[in-house]
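Trainee: In case it helps, the working numbering puts the sequence shown at residues 260 to 396.
Glycine residues also receive a C-beta, built at the ideal position from the N, C-alpha and C atoms.
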Amino acid sequence: MTDAKTDYPARYYVQCDSNGYITHWFDTWEMGSLDGVPPAASMTAITEAQWNDPDVHAALGIGVKDGAIVAMTYTVPLATQAQAELAWVNQQASLASSMGETFTDAMRSYVKAVQAIASGTDTTSTTLPARPDPVMS
Numbered sequence: 260m261t262d263a264k265t266d267y268p269a270r271y272y273v274q275c276d277s278n279g280y281i282t283h284w285f286d287t288w289e290m291g292s293l294d295g296v297p298p299a300a301s302m303t304a305i306t307e308a309q310w311n312d313p314d315v316h317a318a319l320g321i322g323v324k325d326g327a328i329v330a331m332t333y334t335v336p337l338a339t340q341a342q343a344e345l346a347w348v349n350q351q352a353s354l355a356s357s358m359g360e361t362f363t364d365a366m367r368s369y370v371k372a373v374q375a376i377a378s379g380t381d382t383t384s385t386t387l388p389a390r391p392d393p394v395m396s
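What follows is the structure, given as structure tokens:
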């Protein structure tokens, strides 16, 4: 049987993802069950003041770096951005098809570039290319 005060002596903990962004907050002494709570040693203990501070506890973009709570800017990986952009491309393709139009040459080049980023073929780009205008002809 787990004893919260023995197994989680700091009471308040945060769990982070591999980049240090806080994904879960735990008040281990107030939980009805500790089933599924990671071991204290795999989390970062925080103070009661941090737990009660809405600028820390309720804020987005908060993480842990070198054991300290810090503001962090979350960056969506470029391949993930490209995958989301392909959803927009598919909407445009559907619109073009329903209106009897086709993509412009610039749009076709754009689609190929975004597909290469999404698939990992393009490993040198650091941003998505600008959307072409116009999209259809």
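With DSSP as the reference, please indicate the residues paired to Q274 in a beta bridge.
Mentor: H283
Trainee: I think I321 touches I281, with their Cβ atoms under 8 Å apart; what is that distance to the nearest whole Å?
Mentor: 5 Å
Trainee: Using a Cβ-Cβ cutoff of less than 8 Å, which residues in the same chain neighbour P298 once the five nearest sequence positions on both sides are dropped?
Mentor: Here the set comprises D266.
Trainee: Could you have a look at M366 and say whether DSSP puts it in helix, strand or coil?
Mentor: Helix, per DSSP.
Trainee: Going by DSSP, what residue range makes up the alpha helix (DSSP H) through V315?
Mentor: Here the alpha helix (DSSP H) through V315 covers 313–316.
Trainee: Which residues in the same chain have their Cβ closer than 7 Å to the Cβ of Q340, if we skip the five residues on either side of it in sequence?
Mentor: Excluding positions up to five away in sequence, the list reads L387.
Trainee: At 4 residues or longer, what runs of the alpha helix (DSSP H) sit wholly inside the stretch 284–352?
Mentor: 307–311, 313–316
Trainee: Can you list, in chain order, the residues of its chain whose CB lies under 8 Å from that of D286, leaving out five sequence neighbours each side?
Mentor: R270, Y271, W310
Trainee: Just to confirm, is the Cβ distance from P391 to T361 under 8 Å?
Mentor: Not closer than 8 Å, so no.
Trainee: With a 10 Å radius around its C-beta and 16 neighbouring C-beta atoms as the bar for buried, classify Y333 as buried or exposed.
Mentor: Exposure of Y333 is indicated by the presence of fewer than 16 other C-beta atoms within 10 angstroms of its C-beta.
Trainee: Look at the Cβ atom of V335, then the Cβ atom of V373, and state whether they are nearer than 8 Å.
Mentor: no
Trainee: By the DSSP assignment, the alpha helix (DSSP H) with T361 in it spans what residues?
Mentor: Taken as a continuous stretch (DSSP letters only), T361 belongs to no alpha helix (DSSP H), as it is neither H nor E.
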